[in-house]
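K.L.:
According to the UniProt record's numbering, the sequence shown is numbered sequentially starting from 1.
Just so you know, even glycine gets a beta-carbon here, dropped at the ideal spot from N, CA and C.
Keep in mind that this is a model prediction, so the values were computed, not measured.
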Amino acid sequence: MDGEEQNRTHLKKVPAKLDLESDADYALSNSDSPGTTTSSQPLIYHDKLESPPFTPDSPPSGCYRLKRYYARTLAGILVPLAVTCFWLAISSNLLRERDIAAYGSEHEILIYYAWFILAVFGLGLSQYGLAGVEVAMLQHPFWQARNTMVILMHSGYSWAGPAGWLRYISRVITGKHTATHRLWNLLASISLIGSIAIPLSGMSMELAGGYVGTAEHPLVSGRNWENFNSRDTGQTASRGGNAWSTAAPVTVPGIGILYTPPHVNRDDYPQFAQLPNSLPVQEGIPEFFMTAQSATPVNGIAWGLRLKYKCSVVKSASEFKILARKPSLDSVSKELGAVGRSPSFEGNGTIFALSPSPWGRSINIWGYGRIGIDLNGASIYDGSEAPAFDEEDIQYANVLEYAMWQMRFDPAYADLIKHPQFDKLEQTMADMYQPFTLGSNGTMKVQVDRSFFGENEQGTITSIPSKPPISIADPIGVRCSHTSVLGTAKLDARTSTYTDFKQSPSPPFNAAEIESPALRFGHTAAQILAGEYFQIFNALMSAPPEVVSNSVYYRRWVQPTALVEAIMRAYAMDALQLMYDGIYSTEPGASFIAKNLTSSRPGKVLERGRFNPSIPGTLFVIWSMSSAIIGITYGFRRRWSETLDGYSLFRFGVDLAPHMRHHSELPVADELDKCTKLKELPGLIGDSCPDRDIGHITLVPKQNVAKRDKMYW
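(1) Considering only residues of the same chain and omitting the five flanking positions on each side of Ile44, which have a CB-CB separation below 6 Å?
(2) Nearest to Lys308 by alpha carbon, out of His696, Ile476, Ile593 and His482?
(3) Looking at Trp557: is its Cβ nearer than 8 Å to the Cβ of Ala473?
(4) If you compare alpha carbons, which of Gly522, Val133, Glu515 and Glu455 is closest to Ser484?
(5) I'd like the span of the beta strand (DSSP E) that includes Glu565, first residue to last.
(6) So, with DSSP's three-state summary, where would you put Gly695?
(7) Is the separation between the beta-carbon of Trp184 and that of Trp165 shorter than 8 Å?
(8) Go through its chain and collect everything with a Cβ distance to Arg610's Cβ below 7 Å, but skip five positions before and after it.
(9) Flag this pair as touching only if the region 542-558 and the region 400-420 have three or more C-beta atom pairs under 8 Å; answer yes or no.
(10) On the DSSP letters alone, give me the boundaries of the beta strand (DSSP E) that Glu607 sits inside.
(11) Give every residue of the same chain whose Cβ lies closer than 7 Å to the Cβ of Tyr240, excluding the five residues on either side of it in the sequence, and list them in chain order.
(12) Take Thr73 and list the residues in its own chain whose beta-carbon comes closer than 8 Å to its own, dropping the five residues that flank it on each side.
(13) Flag this pair as yes or no: are the beta carbons of His263 and Ile593 separated by less than 8 Å?
(14) Between which residues of its own chain and Gly449 is the CB-CB distance below 6 Å, once the five residues before and five after are set aside?
(15) For Phe409, which option in Val446, Met432 and Glu426 has the closest C-alpha, if you only look at C-alpha atoms?
(16) My assumption, with CB atoms under 8 Å, is that Tyr259 sits in contact with Ile285. Please give the rounded CB distance.
(17) Please return the same chain residues whose Cβ sits closer than 8 Å to the Cβ of Val250, not counting the five positions on each side in sequence.
(18) Helix, strand or coil: how does DSSP classify Lys702 here?
(19) Between Leu95 and the rest of its own chain, which residues show a CB-CB distance below 8 Å, the 5 nearest in sequence each way excluded?
(20) How many angstroms separate the CA atom of Ala518 from the CA atom of Ser312?
(21) Quick one: Cα of Tyr157 to Cα of Ser189, how far?
(22) Are Gly603 and Glu97 close, meaning C-beta to C-beta below 8 Å?
(23) Would you mind giving the Cβ-Cβ distance between Gly210 and Tyr103, rounded to the nearest angstrom? I have them listed as a contact below 8 Å.
(24) Going by C-alpha distance, which of Leu192, Leu681 and Gly369 is nearest Arg146?
(25) For the alpha helix (DSSP H) that contains Gly129, what are its first and last residues?
(26) Give me the Cβ distance between Pro411 and Ile363, rounded to the nearest whole Å; I'm assuming they're in contact under 8 Å.
(27) Any beta-carbon of chain C closer than 8 Å to the one on Leu118?
(28) Take the Cβ of Cys480 as the centre, count every other Cβ of all protein chains shown within 10 Å, and call the residue buried at 16 or more, exposed below.
(29) Asp47: buried (16+ other C-beta within 10 angstroms of its C-beta) or exposed?
(30) Taking the alpha helix (DSSP H) that Ser204 falls in, what are its first and last residues?
(31) Whole-angstrom Cβ separation of Ala114 and Ser201, contact assumed at under 8 Å?
(32) For Ala353, name the three-state secondary structure that DSSP assigns.
(33) Out of curiosity, what's the CA-to-CA distance linking Leu305 and Ala511?
(34) Please report the distance separating the alpha-carbon of His140 from that of Gly686.
(35) Does DSSP classify Arg408 as helix, strand or coil?
(36) Who pairs with Gly213 in a beta bridge, going by DSSP?
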């Protein structure tokens, strides 16, 4: 027999009744007893087998081709992507920065629980898919296990759970060999990332008390287009003035939401940090929308007042355009409106002055103020108002200017004053005309330039204390711009924003029933500010003056910043009177059903938790993309088994039995890495018969890669 013939194997039939004692091909070890079969005995020797006969028409009995497992692979690809997309949808739509109103959908509580169900099952299905991809990758030379020990580390999907991870970490810490390879590390990393992302997602969102939308129409309080002008003459000024002088709150009635454009970051403004919102009194808001208010957040189309206002301290009289900076010598009329207005101003300006202060209020300070307002057209909402809300339209905004002069006098009973300190006036206008001067010898009373005052201001001049002043302060000034338009806008209760504003026609006015229409925003504010000097201290809720015997002692001037706040409060009262008549609650008599709005009710909504949703979102993207990439790359390849299950390992063990049966380390009950023989055995799952027509899948050297179109037994 030639060499080729000698190397061929011949099929040896196994007897129907296996006689291990008499059959010389199945030798017993020293530890075996007759009639006993042990796992160390090789059931089949490959070198004594011959490939079954094969014809192209019919595969031999017991042979098979490598198969593709589509369902498991698709699960490993699509499920992680679905979980990730679901989380991204939740975080981008439901976990955005909400307004303090916490408005959401009634389905958010269901989405909350559905997420955890999907995430938990999604992680399991992801590992289900990875278990299949694992087999295909173990057939690839790059991902093959280095040896049989590494293959055994893959058993039981140790890479998919805490037991395998902790074992790996403990062996790294103790300096022991991990007995893993790049594929195990990759699969463990993917599973670990997904397992970390799920609890992090739970800490990135939470259920909180809020409001959920309903289909009902809300009961709202406030003015609407039909009744905006139906009010008593002077009502806004009288009611607003009383509220301003007593430092009444500037909050919105009902739930109290001021709506802003989407580009306004509401977190930058403290008045939006709680409900009800309050109108700005220290710094302006780019713009906002006031509409009738309900007890809960509302959605839909609403009619209301779009406005903005802001004020700043004037450092030079040249910033004034309306107020006269010096006496008008050539004015024909000597009324305040003529002498107080700048000769160069050509607009529709109105001049107000502070009312004379009662002499008995104080004898240590005195003040005079002049207010100029330009309404840039009519003083009512007749449709001519320009929506000057952009910087390029600032020239169309209405303007309010305020100049103030103050003097200080010796107090009565100076020796009884406990705190005689007096503050220093900051940010004055040194270039503004000063109509008050000291007497020539320093002991005379205040000298007044009467040409600076209107002939109807005699009461103001006589209210000046007839005693020498301690000091006459430089004037201070404030300049404000404001604009307002009536119209409709689309409200978003979730973010407390409005969009799609459309200016409406002038509200109806019947002269036979109503004496005069409502004044445009800003005019009432100027009237409110025209009270007497000491009301400013009350409007700011300043500390009261010190009582000294039968007099009082003020320890501070009206500072420019305080004057800004007083004016802003007057603006706020003007707006609250225009839209709500100064009412701070939803009263039945002043309420109506808003047919264009939908209401809400208390309920549970999703809110951000302690972690930013982008943190688990990033982990989910890494997890799903990694699963998808290896699934698409390797998952659809033909492989010998669906997973690396126990039966597969049993088959490999049978094939390796001749190499292990006499190894002394095998029976030792110790850790896997103690058996050094396992490190000597191959780790690639490939073809042990690469040169034959019918191969055999088992653990082979690196070069014996299984062919996808070959038959195996």
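P.N.:
For this structure:
(1) Counting from one through the sequence shown, the residue named residue 44 turns up at place 44. Note that Ile44 has pLDDT 41, beneath the 50 cutoff, so the model's placement of it is unreliable and the number below is only indicative. Excluding residues within five positions, none has a Cβ falling inside 6 Å.
(2) Taking the first residue of the sequence shown as 1, we reach residue 308 at position 308. Minimum Cα distance to Lys308 is reached at His482.
(3) By one-based count along the sequence shown, residue 557 stands at place 557. By one-based count along the sequence shown, residue 473 stands at place 473. Yes, the pair counts as a contact, with Cβ atoms nearer than the cut-off.
(4) For the purposes of this step, residue 484 is taken as the residue at position 484 of the sequence shown. Answer by Cα proximity: Gly522.
(5) Working through the sequence shown from its first residue, we reach residue 565 at position 565. Unbroken run through Glu565 is the alpha helix (DSSP H), Pro560 to Tyr580; no beta strand (DSSP E).
(6) In the sequence shown, the residue the question calls residue 695 occupies position 695. In this structure, Gly695 counts as strand in the three-state DSSP scheme.
(7) Counting from 1 along the sequence shown, the entry for residue 184 is found at position 184. Counting from 1 along the sequence shown, the entry for residue 165 is found at position 165. No.
(8) As a first step, residue 610 is located in the sequence shown; it is residue number 610 there, counting from the start. Within the same chain, Arg610 has close Cβ partners Met203.
(9) yes
(10) Residue 607 sits at position 607 when you count from the first residue of the sequence shown. Segment Ser600 to Arg608, the beta strand (DSSP E) holding Glu607.
(11) In the sequence shown, counting from the first residue as 1, residue 240 sits at position 240. Sequence inspection shows Gly at residue 240; the Tyr mentioned does not correspond to that position. Excluding residues within five positions, the ones whose Cβ falls inside 7 Å are Thr524, Ile528, Met573, Asp574, Gln577 and Gly582.
(12) Numbered from its first residue, the sequence shown carries residue 73 at position 73. Correct list, in chain order: Gly129, Gly132, Val133, Gly631, Gly635 and Phe636.
(13) Working through the sequence shown from its first residue, we reach residue 263 at position 263. Working through the sequence shown from its first residue, we reach residue 593 at position 593. Result no, Cβ atoms of His263 and Ile593 do not sit closer than 8 Å.
(14) If you number the sequence shown from 1, residue 449 lands on position 449. Residue 449 is actually Asp in this sequence, not Gly. Same-chain partners within the cutoff: Pro435.
(15) Within the sequence shown, residue 409 is the residue found at index 409, counting from 1. The shortest C-alpha separation from Phe409 is found at Val446.
(16) Counted from its first residue, the sequence shown places residue 259 at position 259. Counted from its first residue, the sequence shown places residue 285 at position 285. Incorrect: roughly 11 Å between the Cβ atoms, too far for contact.
(17) For the purposes of this step, residue 250 is identified with residue 250 of the sequence shown, where counting begins at 1. Closer than 8 Å at the Cβ level, and outside the excluded window around Val250, lie Ser278, Leu279, Val281, Arg569, Ala572, Met573 and Leu576.
(18) What you label residue 702 is simply residue 702 of the sequence shown in a count that begins at 1. Coil.
(19) Position 95 of the sequence shown, counting from 1, holds the residue named residue 95. Taken in chain order, the residues that qualify are Ser204, Met205, Leu606, Glu607, Arg608 and Pro613.
(20) Taking the first residue of the sequence shown as position 1, residue 518 is located at position 518. Taking the first residue of the sequence shown as position 1, residue 312 is located at position 312. One C-alpha to the other measures close to 27 Å.
(21) For the purposes of this step, residue 157 is identified with residue 157 of the sequence shown, where counting begins at 1. For the purposes of this step, residue 189 is identified with residue 189 of the sequence shown, where counting begins at 1. Computed Cα separation, rounded: 13 Å.
(22) Locating residue 603 in the sequence shown gives position 603, where the first residue counts as 1. Locating residue 97 in the sequence shown gives position 97, where the first residue counts as 1. Contact flag unset, no.
(23) As a first step, residue 210 is located in the sequence shown; it is residue number 210 there, counting from the start. As a first step, residue 103 is located in the sequence shown; it is residue number 103 there, counting from the start. Rounded, the Cβ-Cβ distance is 6 Å, consistent with contact.
(24) On the sequence shown, residue 146 is found 146 positions in, with the first residue counted as 1. Nearest option by C-alpha distance: Leu681.
(25) Translated into positions along the sequence shown, residue 129 becomes position 129. Glu108 to Leu138 is the span of the alpha helix (DSSP H), which, as asked, contains Gly129.
(26) Residue mapping note: residue 411 aligns to position 411 of the sequence shown, counting from 1. Residue mapping note: residue 363 aligns to position 363 of the sequence shown, counting from 1. That pair is a contact at about 7 Å.
(27) In the structure shown, chain C does not exist; there is a single protein chain.
(28) In the sequence shown, counting from the first residue as 1, residue 480 sits at position 480. The residue is buried, with at least 16 neighbouring Cβ atoms inside 10 Å.
(29) Taking the first residue of the sequence shown as 1, we reach residue 47 at position 47. For Asp47, the pLDDT reaches just 47, beneath the cut-off of 50, and the residue's location in the model is therefore unreliable, leaving the point undetermined.
(30) Taking the sequence shown and counting its residues from 1, the one referred to as residue 204 is at position 204. Ser204 -> alpha helix (DSSP H) spans Arg182 to Ser204.
(31) The residue you call residue 114 lines up with position 114 of the sequence shown. The residue you call residue 201 lines up with position 201 of the sequence shown. Incorrect: roughly 13 Å between the Cβ atoms, too far for contact.
(32) Position 353 of the sequence shown, counting from 1, holds the residue named residue 353. Of the three classes helix, strand and coil, the one that applies to Ala353 here is strand, per DSSP.
(33) The residue you call residue 305 lines up with position 305 of the sequence shown. The residue you call residue 511 lines up with position 511 of the sequence shown. C-alpha separation (whole angstroms): 23 Å.
(34) Walking along the sequence shown from the start, residue 140 turns up at place 140. Walking along the sequence shown from the start, residue 686 turns up at place 686. Near 9 Å, if we compare the C-alpha coordinates of Gly686 and His140.
(35) Here residue 408 corresponds to residue number 408 of the sequence shown, with the count starting at 1. Here Arg408 sits in strand by DSSP.
(36) If you number the sequence shown from 1, residue 213 lands on position 213. Its beta-bridge partners are Ser600.
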